[in-house]
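Step one of this worksheet: look at the structure below.
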Amino acid sequence: DAGVTQSPTHLIKTRGQQVTLRCSPKSGHDTVSWYQQALGQGPQFIFQYYEEEERQRGNFPDRFSGHQFPNYSSELNVNALLLGDSALYLCASSLAGANIQYFGAGTRLSVL
Amino acid sequence: AQKITQTQPGMFVQEKEAVTLDCTYDTSDPSYGLFWYKQPSSGEMIFLIYQGSYDQQNATEGRYSLNFQKARKSANLVISASQLGDSAMYFCAMREGYRRDDKIIFGKGTRLHILP
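Chains G and V are the protein sequences, given in the same order. Per the working numbering, the first sequence runs over residues 1 to 112. Per the working numbering, the second sequence runs over residues 113 to 228.
The following block contains the structure:
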């Protein structure tokens with residue numbers, strides 16, 4: 001049973017560029033959440049998708065957007081990258097109504 | 113005010129000893145959930161244990177137990193018989209509100225080093 005998978009594992013971009021990160025949830029899970037983890041910090045909630053719609057959003061600007069597909073996989077898009085967007089981006093999946101979110105290994109984004 | 117406070121940035125513990133990682137939380141919601149996750153250097157957040165605010169007994173999962181003291185708003189993680197593989201970052205986290213799949217708020221973490 002595959003867990004949460006994220007791609008790519010590492011990414012290097014320059015300021016002003018756009019990036020797309022991908023996440024496949026754990027089998028049977030229908031809810032995907034995205035978190036940003038800056039170096040030395042705990043993860044911070046970006047947004048959550050359920051039934052292809054954004055259900056909740058954290059305190060992140062509109063440059064951060066997402067999408068969920070009918071197979072429950074999800075993408076995180078970040079436009080007009082800033083140096084401060086450099087972080088580990090974690091995807092978590094869960095079953096709607098369930099307590100536990102299961103995380104992937106993350107995508108490490110470096111913005112130069 | 114911080115929702116989750118982990119006061120120990122780092123800890124060194126001898127192998128086979130028990131470890132207690134501290135966590136205090138702040139919420140006025142009567143319904144909430146508390147989590148502990150482990151993050152090895154690989155980056156993946158590994159779920160360890162969960163405690164609901166209405167659970168009467170402390171949660172246990174193998175070598176992990178959660179010392180839940182509701183009045184003190186404390187949710188310490190206890191690892192019995194530590195192993196070298198326990199070396200990692202540990203995050204305490206909370207979900208507020210009645211909806212069980214709501215967003216999780218994380219603390220800043222404690223880095224645990226197990227010494228041989």
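Where a beta carbon is used, it is the ideal one built from N, C-alpha and C, also for glycine. Owing to the predicted nature of the structure, the values given are computational and were not obtained by experimental measurement.
>> Just checking: is the beta-carbon of methionine 157 of chain V within a distance shorter than 8 Å of some beta-carbon in chain G?
In response: yes
> Counting only beta-carbon atoms, is isoleucine 216 of chain V nearer than 8 Å to chain G?
Replying inline: yes
>> Tell me the rounded alpha-carbon separation between isoleucine 116 of chain V and arginine 184 of chain V.
In response: 13 Å
>> I'd like to know whether the C-beta atoms of tyrosine 50 of chain G and alanine 105 of chain G end up nearer to each other than 8 Å.
In response: no
>> So, under 8 Å CB-CB, glutamine 48 of chain G and tyrosine 89 of chain G are touching, yes? Tell me the CB distance rounded to an integer number of Å.
In response: At roughly 14 Å, the Cβ-Cβ gap does not stay under 8 Å, so glutamine 48 of chain G and tyrosine 89 of chain G are not in contact.
> Going by C-alpha distance, which of V:Gln181, V:Gly174, V:Gln168 is nearest aspartate 134 of chain V?
Replying inline: Taking only the C-alpha atoms, the option nearest aspartate 134 of chain V is V:Gln181.
>> Tell me the rounded alpha-carbon separation between tyrosine 102 of chain G and methionine 157 of chain V.
In response: 8 Å
> With a CB to CB cut of under 6 Å and the five nearest residues on each side skipped, what residues in its chain are close to glutamate 52 of chain G?
Replying inline: Gln68
> Can you list the residues of chain G that glycine 219 of chain V reaches, using a CB-CB cut of under 9 Å?
Replying inline: Gly42
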